[in-house]
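*Asks:* Mapped onto our numbering, the consecutive letters of the sequence shown carry residue numbers -7 to 246.
All residues carry an ideal CB built from backbone N, CA and C; glycine is no exception.
Take a look at this one; I'll ask things after.
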Amino acid sequence: MSETAAANMVPGAKTDEYIAVLEDVHKVYKMGEVEVEALPDVFLKIRRGEFLAVLGPSGSGKTTLLNLLGGIDAPTSGQLIIDGVDISHFNQRELTLFRREKIGFIFQFFNLIPTLTAKENVEFALELSARDGAPSSKDAVELLTKVGLGERLNHFPAQLSGGEQQRVAVARALAKDPVLILGDEPTGNLDFRTGKLVLKTLKEVNEQEGTTIIIVTHNVPISQIADRVLHLRDGAIVEEEVVENPVSPDDVEW
Ligand SMILES: Nc1ncnc2c1ncn2[C@@H]1O[C@H](COP(=O)(O)OP(=O)(O)O)[C@@H](O)[C@H]1O
Ligand SMILES: [Mg+2]
């Protein structure tokens, strides 16, 4: 853990139980004279090991919320504790270090490095996440095999289907042993068959490794694979739905 993160550790039981605690978190984007209030005042707790879906129409603040949770952006005000660390006042450099160490991101458009093979993309992430020069205990081949791509190690992104590229992105996210995996519409650019494989992979990671996973979607059936669904409207959480019997990704109809 970086010195800044260590100095911002928040003692107390609630940070052991919850991977994320948001108290009155507010986000305003300033564009010159114009202010856009993307998140008015969010209070939220996310349990360790939870699979959470954030559901809402376009412009409802889903990406804004995810970017705050992952330290891509800082809140305008309020308190944001992630994995026991108060990151509310972190500057960009501190956020970058924090993110690199703890958060796995999966984007709608995969964002793989096109000139590197699947294996090299994952190896690159392993190198970046090596802490204090110590090599990671994880292995790129093992990670890619885990997501079902053991036979695609030397393919470049352009030689892979969208679903396969996204599974490389999942393997890349796992390379750093993240405490939190955040997916911003991870199946938004996939057909339903390949999308299901990606959701299945995420669900397995959640169940087998206990990694907390948060996915953003505007698709109601997909949200039902989660343990809990946050419904967003104009930046506000208008409903928190506990899913009694989460649907298997195999059975999602979309
Ligand atoms: N960088 C930004 N600058 C200004 N306004 C932004 C920025 N990002 C998002 N917004 C605005 O904040 C609101 C929420 O956006 P966003 O979080 O991207 O929603 P969603 O992901 O649900 O589509 C929208 O009104 C959007 O236009
Ligand atoms: Mg978005």
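Could you spell out the range, first to last residue, of the beta strand (DSSP E) harbouring residue 207?
*Replies:* Unbroken beta strand (DSSP E) run through residue 207: 204 to 209.
*Asks:* Is residue 55 near ligand 2, in the sense that its beta carbon is under 7 Å from a heavy atom of that ligand?
*Replies:* Residue 55 Cβ: within cutoff of ligand 2.
*Asks:* Could you check the C-alpha separation between residue 117 and residue 98 for me, to the nearest Å?
*Replies:* Going from the Cα of residue 117 to the Cα of residue 98 covers about 13 Å.
*Asks:* Tell me which residues share the same chain as residue 139 and place their Cβ nearer than 7 Å to its Cβ, disregarding the 5 neighbours each side in the sequence.
*Replies:* Here the set comprises 159, 162, 163 and 193.
*Asks:* By DSSP's criteria, residue 121 is part of a beta bridge. Which residues make up the other side?
*Replies:* Paired residue(s): none; residue 121 is not in a bridge.
*Asks:* Who pairs with residue 46 in a beta bridge, going by DSSP?
*Replies:* Partner(s): 208 and 222.
*Asks:* Which one or two residues does DSSP pair with residue 13 in a beta bridge?
*Replies:* DSSP lists 37 and 73 as partners of residue 13.
*Asks:* Under 7 Å: does the beta carbon of residue 243 sit that close to some heavy atom of ligand 2?
*Replies:* Result no, Cβ not under 7 Å from ligand 2.
*Asks:* If you pair each beta-carbon of the stretch 144 to 158 with each one of the stretch 174 to 190, do three or more pairs fall below 8 Å?
*Replies:* Short answer: they touch.
*Asks:* If residue 90 and residue -3 are in contact, beta carbons under 8 Å, what's the gap, nearest whole angstrom?
*Replies:* Yes, they are in contact, since the Cβ atoms of residue 90 and residue -3 sit about 6 Å apart, within 8 Å.
*Asks:* Since residue 254 is in the alpha helix (DSSP H), which residue starts that stretch and which ends it?
*Replies:* Outside the shown range of the chain (-7 to 246) lies residue 254, about which nothing can therefore be said.
*Asks:* Taking C-alpha atoms, which residue in 64, 110 and 202 lies nearest to residue 95?
*Replies:* Considering only alpha carbons, the answer is 64.
*Asks:* Going by the beta-carbon positions, is the gap between residue 68 and residue 133 smaller than 8 Å?
*Replies:* Their beta carbons are not under 8 Å apart, which means residue 68 does not touch residue 133 by this criterion.
*Asks:* Do residue 209 and residue 177 have their beta-carbon atoms positioned less than 8 Å apart in this structure?
*Replies:* In this structure, residue 209 lies closer than 8 Å to residue 177 by Cβ.
*Asks:* Can you tell me which residues form a DSSP beta bridge with residue 31?
*Replies:* Paired residue(s): 19.
*Asks:* Along the beta strand (DSSP E) that carries residue 175, what are the first and last residues, could you check?
*Replies:* Its beta strand (DSSP E) spans residues 172 to 176.
*Asks:* Kindly give me the distance between the Cβ atoms of residue 44 and residue 218, rounded to whole angstroms, as I take these residues to be in contact under 8 Å.
*Replies:* With a Cβ gap of about 6 Å, residue 44 and residue 218 count as contacting.
*Asks:* Measuring straight from C-alpha to C-alpha, what distance separates residue 22 and residue 29?
*Replies:* Cα-Cα distance, rounded: 9 Å.
*Asks:* Between which two residues does the beta strand (DSSP E) harbouring residue 230 extend?
*Replies:* Where residue 230 is concerned, the enclosing beta strand (DSSP E) stretches over 228 to 234.
*Asks:* Using the beta-carbon count (16 or more within 10 Å), is residue 149 buried or exposed?
*Replies:* Buried: at least 16 other Cβ atoms inside 10 Å.
*Asks:* Would you report the Cα separation of residue 135 and residue 141, rounded to the nearest angstrom?
*Replies:* Their backbone Cα atoms lie some 9 Å apart in a straight line.
*Asks:* If you count every other CB in all the chains shown that lies within 10 Å of the CB of residue 52, and 16 or more means buried, which is it?
*Replies:* With 16 or more Cβ atoms within 10 Å of its Cβ, residue 52 is classed as buried.
*Asks:* DSSP state of residue 8, grouped into three classes?
*Replies:* Correct three-state label for residue 8: helix.
*Asks:* How far does the beta strand (DSSP E) with residue 154 in it extend, from its first residue to its last?
*Replies:* Careful: residue 154 lies outside any beta strand (DSSP E), inside the alpha helix (DSSP H) at 154 to 167.
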